[in-house]
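Here is the structure we will look at.
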Amino acid sequence: MRVELNLVGLCCAVPQLLAYSKIKKLKEGDVLEIVVEKGSSQERDIVNLIEYFKLDVTRRENGDEVRYTLKIDKAILSNN
1 MRVELNLVGL CCAVPQLLAY SKIKKLKEGD VLEIVVEKGS SQERDIVNLI EYFKLDVTRR
61 ENGDEVRYTL KIDKAILSNN
């Protein structure tokens, strides 16, 4: 399953909490695409979350937005 999580316009801890919750609900092989504003606190929060879960990620910039594409694997689900 491929899921997009658009966090543009959200602030504080909300983006990180939404992304964490979504990652925990995904199954092995699922792909999550997270959209944030480039250079924002959202992006810093998502980078921290990616590092916490040790996720393999692809980062793409498109104007003022950044898309992080994450593929969920079994190790991520069992270790966190």
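Under the UniProt record's numbering, think of the first position of the sequence shown as 1, with each following residue one higher. For glycine and all other residues, C-beta sits at the position ideal for the given N, C-alpha and C.
Taking Asp-73 as the centre and dropping the five residues before and after it, the same chain places the C-beta of Glu-28 closer than 7 Å to its C-beta, in chain order. Counting other Cβ atoms within 10 Å of its Cβ, Ala-19 reaches 16 or more and is therefore classed as buried. The C-alpha of Asp-64 is placed about 20 Å away from the C-alpha of Ala-13. Exclusion of the five residues before and after Ile-46 leaves Leu-7, Pro-15, Gln-16, Ala-19, Ile-34, Val-36 and Tyr-68 as the residues of its chain whose Cβ lies within less than 8 Å of its Cβ. Bounds of any beta strand (DSSP E) do not take in Ile-23; it lies within the alpha helix (DSSP H) bounded by 14-25. Shown here, Leu-32 sits in a strand according to DSSP, grouped into three states. DSSP, read as helix, strand or coil, puts Val-8 in coil.
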